[in-house]
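Heads up: the sequence shown is residues -19 to -1, 1 to 1187, going by mature numbering (1 follows the signal peptide of the UniProt record, and there is no 0).
Report on the following structure.
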Amino acid sequence: MLHFSSSLILLATVSVALAQQQEWAQCGGIGWSGATTCVSGTVCTELNSYYSQCIPGAAPPPSTTAPTTGAPAPTATGALIRLGGVNTAGYDFSVATNGSFTGTGVSPPTAQYTHFAGEGANLFRIPFAWQLMTPTLGGSIDQGFLSEYDATVQSALSSGPNVFVIVDVHNYARWNGGVIGQGGPTNAQFISLWTQLVAKYGQNERIIFGIMNEPHDLPSVATWVDTVQQVVTAVRTAGATNFLLLPGSSYSSAQAFPTEAGPLLVQVTDPLGNTDKLIFDVHKYLDSDNSGTHADCVTDNVDVLTTLVQFLQANGNRQALLSETGGGNTASCEQMVGTELAFVKTNYPTLAGFAVWAAGAFDDTYVLSVSPDGNTDQPLWTQAVLRDVIMPAPKGKKSSGLGRAIINRKVKDARRTHDDSGLYITDVENTTRLMSITQERDLDEFLNTATLAGTQFTAERRNVKVISAPAGTQHNPYLLSEEEEKKALQKHQENKEKLRVPRRPAWTKTLTTVQLDRQEKDAFLDWRRGLAQLSEQENLLLTPFERNIEVWRQLWRVLERSHLVVQIVDARNPLRFRCEDLESYVKDVEGSEGESETGKDKRKNLLLINKSDLLTSKQRRQWADYFDAQGVQYAFYSAANAAALQKARKEEQEAQERLEAREGAAYSGDRLPVLDDMVDDDGDDSEDDSEDGDLWEDDSEDGSEDDSDNDIFQFEDESDDIQDPRARVLSVLELEELFLRVAPDLGTFADSNGNAPTKVVVGLVGYPNVGKSSTINSLIGEKKVSVSSTPGKTKHFQTIQLSPAMTLCDCPGLVFPQFTTTRADLVCDGVLPIDQLREFTGPISLVTQRIPKEVLEATYGLTIKVQLPDEGGTGEVTAENFLISYAVGRGFTRSGQGNPDEARAARVVLKDYVNAKILFCHAPPGIEDDIFNQQTREICLRRAAGKKRAPVTRVGKGADTFIAAPRGPDTEFTCMHLSQARKDRPDVFNSVTVKEQSLGRWIVTSHSLGSGSFATVRLAMDTSQSVHRQVACKTIKRKQGDRRNTVVKEAQILGALNHPNINRVYDVVSDSKHIHIFLELCTGGDLFSYIAHYEATGYRLCEGEAQYIMYQLLQGLEYLHDRLISHRDLKPENILLYSPGPYPRIQIADFGLARPKSYQETLNVCGTVPYLPPEGIVALDNKLMGYVGIPADCWSAGVIMYLMLS
């Protein structure tokens, strides 16, 4: 039996504290009175105002230049000059991350180069698809594309005398899925591309060769570096002395560079004799998952770039270029991107410069767009790039102030290019080509109309309408009253025939290009004039509609190319998204190519009602009755369901293959292999909960309070569909068969040679965000077309070969002209982007009118306070009532005094509405909306029955550690940890009747050992002949769309660990419904129950036993922290006792919130509130403040020691 002196626990604690003071120790912060210096090899780094820490290899705060290690810092002599600029995308559109390409490329507007260069930018990166440059792998360059690409490059070079251009191959080190030099294209085929580019650009020193964009998931990084070396040698052998950008791995990650590809790339040699012209190519975004797909930023990347600078300086004072970075046009990104780029500028020449992603053919609906609107820059560009980075304000001059800002804005808005005649013009071809324009400022509309007409103009002042709400009324001024809406709808019906889409004028092959262009512009101008007259004379409100002729030209090409035109509409409001005049236009398109006098009425229409899984079978039958009465050919479909079914089948097949492989292999007893097939190791800190993973329905428990908040409203298949086949939601095969059956006879079509086509071309047309691209992806079974929730993601039509008998043609999303009552309807229908919304009360008022109060409360777990008639209200929910309740319930507050952030709450709710989390479906004419949605609302209330109201803390109310609010002013604080008796805890040895399920060599029983918000743990058996033992099985139920990162993070971390005080994982089995993690069985319960047992008997742990437990806990933590892993949820419930009895052996368990690379600061506060360190508590109310996991674990361990001894 072991004995310890009373001072040993203090000795253990002190020894760890001394170690922490040397490395990972606190060295500063508000209230800190200890040492502020660190041992050699670590630097005291400020993590937040309350905490500074000794971090190995870290650097000083961002305001200072990174410290130099090794040789003296490089000088600018012989190095790449300081560069700053922007990516201009377009030729890379439709390149997938597997290196496949299905598009045609779009030329970036050349006017942007002059615009950006005039503001001080001296770097433009112009990416292109490898397949565009050499259509045949290893073949010759397409001279037609090279001529177009070179025109763009020359436009960029001519924008300034010191401008550099990066020629960038944007294929992710792949060609159609195969990795270069590693089973895909050979090195010789890749070198062939570059030697041909060298022949074109090798004599221009202002051209930088970007060897490859974002290599990732490489089978061998060393083999890839060898490929890079061969390209460098080939380029020099061809006679070029240009700067070369050497790409690393992990999507050219700046964070991974010092540890992955960097140590190998620094060994690449240059035949020129030195490495001055070999620049490392790195990327780094600032959003939550470093993907560059989110509008908000969470980090300024200074810590990552600091590590990169130190690595470069320690390895020969090399240079790197941040060729991709950026963020959304949000306040967080304006601040953080500015800090990042200022750091890059400060650390020149080690960091040679940057290129922001992205301008070019992107319009302002793209989340990271910095494309200028005419001459007006995006906020991110002006606030983060120009200010203090490219064009800092002159010292000593006060150019700020409201008056100066107004003058500057007026000058920018009025600035236009003048020709010799003094006519104000805008170049539609260059500045707005393929940019979707649904709304224009009055001046822009005026100038574009003049440009289309090709004439001079005069202008006069227009009337101004002031929108205001009468005093004392709760009616939203942005919505119509009930009487006004009825009158408006009646006028809409009367003028429906006047609402048309623009037709391509009749043409013949004898017309020249100039004649055809002039003819199309004249017809388009007449169409716009007609709509303007209709709006003004009849006093009708039109929806924002597509005003760019280039986008309509894409539609014309799709209609002329297609035999069957499928108009896709949203099932929740089919009539909003259906354009009846488009169906008439389809019948008017002539011949096989649209040429005049070649025969009309050849093509056919089909109305595809997508997202039909959001309708009940009764609702679908009612819509079927309506369309049958109208004589419309229609079909119900759900692209999301089809894609989910395909994914589930694929995962089930993969799981079966893994299961068979495990059954066939002998059990070796080794630790769990790396789970690369189960999770992407991207370091993501997502905290999404998973539902409980019960194998038996009668034992199921609801252990996650907030999981339902992430679900999309869907219905199960209903048997009524079988009785009425009209209401069936078609499968993929059924939809393909329908296309072939409905398509016209191809014998009526003929090409220029008089031959009939052999394939049916199906054109898919519709509004943005109705699911055209998703429908194509579901049809072909894998992602081929870029999909986004942002309206208008597709920029140009694309053709996809579906089968030997069918070709699909995807048209860009078009906002057709429609009558509407208010703009709020368009926001709720998903036509207008929510992130760009400025006025939110109108759309939210529509939501509260359409969704009953009880449904909103049940869905979000809120209690919405309304104003009763005696309080001056109506008793109905208003936008303000709802948003305030939601913001308070979710903790959304504005900076400053902490008032509810209604704008943020509105964006979340509107996205939920558009994504069908809160569901409202418009009824066919003649049916009341309330009656039509009655069944939907009943189902919603049944699903949300018993749901808890919005929590006021980040600890779930069902958790053991939830601290209830005091019930009265005299109520004492009670720690709920010590209020639960041991009898409330499950006993492994309870006598129960169990069920069994076999999973390979494992037998899982129904005997529950415990459950939490993430999973259920059950008793299981390992039936291997070599080891017949009991184990614990943690079962997690999958959620639709779950990326599985957080689900198997625990298994991934534990699989690489082997320590007696850490719970071991034996295996992971995954199927289509569950993930099962088999763990070492601990039969003594958890430390919380052990402490509570003593408290219930009136005793407490003796000092010696607490010392023994604490010693083991510190041993386990030291093992984790040595491997840079932090637990982040250390508490007695997550410390298991290996077996019952005094002086137990303990094991640290439940690594669901653990974080590798834990020396980095995290902004995601997680864990259990009573065990959080002070900086974690502060960060709960400050989203921009974070904390580090390793010292947080030490704090939690101290709290556990206090609980054991108190």
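Even for Gly, the Cβ is constructed at its ideal location relative to N, Cα and C.
It should be emphasised that the depicted structure is a prediction, and the values quoted were computed from it without experimental measurement.
Counting along the chain, the unbroken beta strand (DSSP E) around Arg106 starts and ends at 104 to 109. With at least 16 other beta carbons inside 10 angstroms of its own, Tyr894 counts as buried. Secondary structure of Val812 (DSSP, three-state): coil. For Arg1010, the enclosing beta strand (DSSP E) has its first and last residue at 1010 to 1018.
The beta carbon of Ile147 sits closer than 6 angstroms to the beta carbons of Arg106, Ile189, Gly191 from its chain, once the five residues preceding and following it are set aside; these are given in chain order. Under a 10 Å Cβ-count criterion, Ser231 is classified as buried, with 16 or more other Cβ atoms of the shown protein chains found around its own Cβ.
A direct Cα-to-Cα measurement between Arg217 and Glu321 gives close to 34 angstroms. Under the three-state reduction of DSSP, Cys19 is assigned to coil, being neither helix nor strand. Among the bridge pairs identified by DSSP, Gly191 is matched with Asp149, Leu226. Distance from the CA atom of Pro738 to the CA atom of Ser754, rounded to whole angstroms, is 25 angstroms. In the structure shown, Cys790 adopts extended strand secondary structure according to DSSP, grouped into three states. Annotation for His264: no alpha helix (DSSP H) segment contains it, though the beta strand (DSSP E) segment containing it runs 259 to 264.
Restricting attention to Asp344, Gly309, Thr327, Leu302, the CA atom closest to the CA of Thr363 is found in Gly309. Closest option to Glu475, judged by alpha-carbon separation, among Val212, Phe800, Pro706, Leu711: Phe800. Spanning the alpha carbons of Leu843 and Ser313 requires a straight line of approximately 28 angstroms. For Gln163, the secondary structure class from DSSP, reduced to helix, strand or coil, is coil. A direct Cα-Cα distance of roughly 32 angstroms separates Ala642 from Ser712. According to DSSP, Arg982 shares a beta bridge with no other residue.
The count of Cβ pairs closer than 8 angstroms, one atom from the stretch 581 to 592 and one from the stretch 823 to 835, stays below three, leaving the stretches out of contact. With a threshold of 16 other beta carbon atoms within 10 Å, Pro555 meets it and is buried. With a cutoff of 8 angstroms on beta-carbon distance, Lys1015 and Leu1060 are scored as near each other. When DSSP states are grouped into helix, strand and coil, Gln210 belongs to the helix group.
Less than 8 angstroms separates the beta-carbon of Val746 from that of Leu563. Measuring C-alpha to C-alpha distances from Leu864 to each of Tyr841, Gly856, Pro850, Leu849 identifies Tyr841 as the nearest. A Cβ-Cβ contact shorter than 8 angstroms links Val1049 with His1057. Just so you know, the alpha carbons of Asn1115 and Gly66 end up roughly 50 angstroms apart. In this structure Asn296 is in contact with Val247, their Cβ atoms being roughly 5 angstroms apart against a cut-off of 8 angstroms. Counting other Cβ atoms within 10 Å of its Cβ, Lys568 stays below 16 and is therefore classed as exposed.
The secondary-structure analysis by DSSP pairs Gly747 across a beta bridge with Ile549. Judged by their CB atoms, Ile757 and Leu807 are not nearer to each other than the 8 angstroms cut-off. About 19 angstroms separates the CB atoms of Val160 and Val213; that is not less than 8 angstroms, and the two are not in contact. Taken in chain order, the whole beta strand (DSSP E) runs of length 3 or more contained in the stretch 288 to 367 are 301 to 306, 332 to 341. Per DSSP, the continuous beta strand (DSSP E) segment holding Ile1058 begins and ends at 1055 to 1061.
A distance of 8 angstroms or more separates the beta carbons of Tyr615 and Pro905.
For Phe126, the enclosing alpha helix (DSSP H) covers residues 124 to 138.
The criterion of a C-beta distance shorter than 8 angstroms is not satisfied by Val1159 and Cys792.
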